[in-house]
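Asks: Residue 623, in this note's numbering, is where the sequence shown stops; the numbers in between run on with no holes.
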Amino acid sequence: MVASKIGTASDTRVCMQKRVEGKTRMAKVLAARKLIYELGHSVQSQSVEKFLSADSYVPTINAFSRRLGEFKFNIFETFVVDLLHEVELGVWKSVLKHLVRVLHLNGNATVVEFNKRFRNVPTFGTAIRKFSSDVSSMSRLAARDFEDVLQCCIPVFDGLLPNLCTESSEKLLFILAEWHGLAKLRLHTSETLKVMKKLTVQLGSELCRFAEVTKDLDVRETPKEYLQRRKQAEAQAALRRKVGAQSKSKIQVPENASNGRRQCELNLNTHKVHALADYVEHIQEFGTTDSYSTQISERQHRKVKVQYSRTNGKSDTVNQMTHINDICETLQDMKDELARQQANTSESMPDPLAVQSLLDGSKYIIGQTDRNDDKIPRILQWVNKQHLDDAMKFFMPQLKRHLLSCFLGGYEHANCNEGEMSQVRFLCNTMYQHKTLRINYTSYDVQRQQDLVTPSCFVLFPSERSIDVDNSNVPTHPFLYAKVLGIYHANVSYRQNAPRRMDFVHVRWLYYDYGQPGGRDIFRLDCVGYEPCYSDEDNLDSFDFVDPKDIIRATHLIPDFRSGTSADFLTASHSISHDDPTEGFDWRYFYVNR
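(1) Please check the pair Asn568 and Lys422, which I expect to be a contact at CB under 8 Å, by giving their CB distance rounded to whole angstroms.
(2) Identify, in the order they occur along the chain, each residue of the same chain with its Cβ nearer than 7 Å to the Cβ of Arg530, setting aside the five sequence neighbours on each side.
(3) Under the assumption that Trp208 contacts Leu246 (Cβ atoms under 8 Å), give the Cβ distance between them as a whole number of angstroms.
(4) Count the other C-beta atoms from every protein chain shown that fall within 10 angstroms of the C-beta of Asn137, then say buried if there are 16 or more, exposed otherwise.
(5) Based on DSSP bridge pairs, tell me the residues matched to Leu466.
(6) Rounded to the nearest angstrom, what separates Phe455 and Gln180 at their Cα positions?
(7) Near Ile496, which residues of its chain fall below 6 Å by C-beta distance, leaving aside the five closest residues on each side in sequence?
(8) Does the structure place the segment 478-497 close enough to the segment 359-372 that three or more beta carbon pairs sit under 8 Å?
(9) Identify the continuous beta strand (DSSP E) that holds Pro588 and give its terminal residues.
(10) If we count Cβ pairs, one from each stretch, closer than 8 Å, do we get three or more for the segment 140-159 versus the segment 579-594?
(11) Can you list, in chain order, the stretches of the beta strand (DSSP E) that have 3 or more residues and sit fully within the segment 306-365?
(12) Report, in whole angstroms, the separation of the C-beta atoms of Tyr473 and Thr584, which I expect to be a contact under 8 Å.
(13) Could you give the residue range of the beta strand (DSSP E) that holds Asn148?
(14) Give the DSSP-derived three-state secondary structure of Asp550 in the structure shown.
(15) When DSSP labels each residue in this structure, what does Ser39 get in the three-state scheme?
(16) Alpha carbons only, please: which of Gly119, Arg467, Lys343 is nearest the one belonging to Asn298?
(17) Just the Cα atoms here: how many angstroms apart are Ala368 and Asp355?
(18) Short of 6 Å in beta carbon distance, which residues of its chain neighbour Arg62, apart from the five on each side in sequence? Order them along the chain.
(19) Which parts of the segment 397-433 are runs of the alpha helix (DSSP H), unbroken and 4 residues or longer, counting only runs that do not cross its ends?
(20) Between the Cα of Met450 and those of Phe436, Leu170, Arg430, spot the shortest distance and give me the residue it belongs to.
(21) Can you give me the C-alpha to C-alpha distance between Val49 and Glu117, rounded to a whole angstrom?
(22) Within 10 angstroms of its Cβ, does His127 collect 16 or more other Cβ (buried), or is it exposed?
(23) If you follow the alpha helix (DSSP H) that Leu232 is in, where does it begin and where does it stop?
(24) Could you name the residues that DSSP lists as bridge partners for Asp609?
(25) Quick check: Tyr541 and Glu560, are their CB atoms within less than 8 Å of each other?
(26) Roughly how many whole angstroms lie between the Cα atoms of Phe160 and Pro184?
(27) Quick test of the definition: if touching needs 3 or more C-beta pairs under 8 Å, does the segment 53-73 touch the segment 340-348?
(28) Strictly by DSSP, which residues pair up with Thr471?
(29) Is the beta carbon of Val534 sitting closer than 8 Å to the one on Pro577?
(30) Just mark Asn413 as buried or exposed, buried being the case when its beta carbon has 16 or more other beta carbons within 10 Å.
(31) Grouping DSSP H, G and I as helix and E and B as strand, with all else coil, what is Val453?
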């Protein structure tokens, strides 16, 4: 089956012709077993292969087929897809290898820039880890690392590939990343499966298109691949010479078999590529892929590797690992027993604040105690020390305006003016700064989740603004984006009211770039960026205070490496809002990672 036909009607008709566990197959297997076990034929003999090779059978009787055959059990229907090995370590790894080969066409400097960009990709909770210093070599990468590379590679590849394959590669990476995300969903609906089925057809077409485009380029194996192949060829040649020296007959050893970097093409004629069409059907039949993913068992490899690292690595490692495993299990049993004994004690009680936030449905959690370590005793003096920072220029007026709007119920209130702002007072002229903010939310699969937000993180808000764009056909983006600069709380009073605790977050806004919109229809990530602060009005529009309960959740923004950085957004050479406070620069744009 051609890759471009994946998921199409013709491919579906072919897939409907499934193998069936029946008497014909059983008769062939029994005939082959009789030749092997009764007549003494070799397993690889032609007489045995005559029964097995045509359908790739093996001379074994399946236990399930033997016991359940009378109930029309079909063993072939029990084989499910393997997302980890077929996609992450299969199709995607092959595509990434080929993309790195294409990168080498532009010289070693391009590969160095590629690795540098990945090192500058920010982490995001437990979803996106820090990348290795040399992603292009793909050495010591696990499936989870390839998954992270797929989710973050679109901004990294931007502008590095030859112009001939730029468009096709960008579209392929977008479709492949979205298809992979749908394949790993923990909750599916009929609508998501329709989208995934459509994407499967597009993915097959784009794989073929990318393979055809790169055929016109002189794509060759990377220097690392060449050295590995040459080393293997030399080892095989040495083995042949050794065998030839021990044998009477002369064995000819090919010379210069590994010289020169070979030309490479993207091979799509593999089972792993063809298996992409089976995912929608298998999800409908067996449920979401997380319930039968091989990742569950593959994670146990970590345990064995850790045990091996604790041996001397010289001799008797199996017994050493067994002994280490026994010790670990004993310690775990002791730990579980202690946990059971302490289950009813006060020491094991969870944080009451966390429990209360779950019970009352709180949208966020900030430390509730007025600790001296978090205390900012003289607010005005603290602000004046940073008066050269653009982010702090209107700190107090903006803060009082925000707090007043919270007291009155909104900025549109008639009393929300400068005169009333003077009635907003801080208890003891003090506020408190926090390092973390926890946002509670319900994920798409109806699970309660929590994002940990710290200063310099990016957060997401619902869009309530009507954006005036030149093209009326361009829809307003549904979200607002901001960078967190500080997390605070203070005991605040208004007029004669008693002081009450109020939480607020200092942010720097990022604005959606309607000049280069993103979306599924155009296969492009959404792009946002800072506004330059050339005047006081620009400064007021760029910085503000928000209520933590208005934050939807944290978001992952990846710098637009192609556009680069700039020090012209702010007048201050150093600011707490800079993406790199030490160097004093900001990224011009960010891509919103979906």
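C-beta atoms are modelled at their ideal positions from N, C-alpha and C, and glycine is treated no differently.
Replies: A quick look at the data gives this:
(1) The beta-carbon distance between Asn568 and Lys422, rounded to whole angstroms, is 6 Å. This is short enough to meet the 8 Å contact definition.
(2) His518, Asn520
(3) That pair is no contact at about 25 Å.
(4) Under the 10 Å beta carbon count, Asn137 is surrounded by fewer than 16 other beta carbons and is classified as exposed.
(5) Val482
(6) 45 Å
(7) Its pLDDT being 47, under 50, Ile496 is placed unreliably by the model, and nothing is read from it.
(8) no
(9) 586-588
(10) Short answer: they touch.
(11) none
(12) Their Cβ separation, rounded to whole angstroms, is 15 Å, which puts Tyr473 and Thr584 out of contact at 8 Å.
(13) Contrary to the premise, residue 148 reads as Arg rather than Asn in this sequence. Looking at the DSSP string, Arg148 is not in any beta strand (DSSP E); the run it does join, the alpha helix (DSSP H), is 137-148.
(14) coil
(15) helix
(16) Gly119
(17) 20 Å
(18) Counting only Cβ-Cβ distances below 6 Å, and skipping sequence neighbours, we find Pro88.
(19) 408-413, all fully within the segment 397-433.
(20) Arg430
(21) 29 Å
(22) buried
(23) 219-244
(24) Answer is Phe614, bridged to Asp609.
(25) no
(26) 14 Å
(27) With a cut-off of 8 Å on Cβ pairs, the segment 53-73 is not in contact with the segment 340-348, counting fewer than three such pairs.
(28) Arg477
(29) yes
(30) With fewer than 16 other Cβ atoms within 10 Å, it is exposed.
(31) strand
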